[in-house]
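Counting in the numbering used here, the sequence shown runs from 8 upward without gaps.
Don't be surprised by glycine CBs; every beta carbon is placed ideally from N, CA and C.
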Amino acid sequence: MKQKNIQLLSKDKINKTLIRLSHEIIENSNILEQVVLVGIRTRGEFLANRIKENIYKISKKKLQLGVLDVTFHRDDFKSHFGSPKVGPSSIDFNIQDKNIILIDDVLYTGRTIRAAINEIFSYGRPNKVQLAVLVDRGHREIPI
């Protein structure tokens, strides 16, 4: 039986959603200079770059951007990944007391987000961590 490709979001809908997320980050941030964006490798990294560009176009504020590879922090690392392609995390700024917006493409069980939070705390202690995702599939296994 051949599986049909189902398109959840068109290119235009993805762009509109990222613009909306960018506006929400600006609107919900008292001090935008305290906000840093952190994309979860790989697709979250691309989305974070687009959100960063959108925020600059809207507010003329340049936010710092980091990237996390959460592979080794996942609780299912040995059983799920086999021989993973691992890239380095890249946060080359101080996150102490910053408001971090974690960015990823899909939220499902919460495992990736939990792993990202563990990785973030290896860089310091942020003021708060918030999440921006393109698609929320539900079905949490972890309270995220």
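{"Check": "Starting from residue 19, trace the alpha helix (DSSP H) in both directions and tell me its first and last residue.", "Outcome": "18 to 34"}
{"Check": "For residue 104, I'd like the list of residues in its chain whose CB is within less than 8 Å of its CB, leaving aside the five on either flank, ordered along the chain.", "Outcome": "41, 132, 133 and 134"}
{"Check": "Give me the residue from 49, 97, 43 and 34 with the minimum Cα distance to residue 113.", "Outcome": "49"}
{"Check": "Got a sec? Which residues, its chain only, sit under 7 Å from residue 136 by beta carbon, not counting five neighbours each side?", "Outcome": "107, 109, 124 and 127"}
{"Check": "Is it the case that the stretch 23 to 38 contacts the stretch 62 to 71, given that we only count it when at least three CB pairs across the two stretches are under 8 Å?", "Outcome": "yes"}
{"Check": "Out of curiosity, what's the CA-to-CA distance linking residue 141 and residue 38?", "Outcome": "24 Å"}
{"Check": "Short of 8 Å in beta carbon distance, which residues of its chain neighbour residue 148, apart from the five on each side in sequence? Order them along the chain.", "Outcome": "116, 117 and 118"}
{"Check": "Classify residue 156: buried if its beta carbon has 16 or more other beta carbons within 10 angstroms, exposed otherwise.", "Outcome": "Past the boundaries of the shown model lies residue 156; the chain is included only from 8 to 151, so the question cannot be answered."}
{"Check": "Assign residue 103 to one of three DSSP states: helix, strand, or coil.", "Outcome": "coil"}
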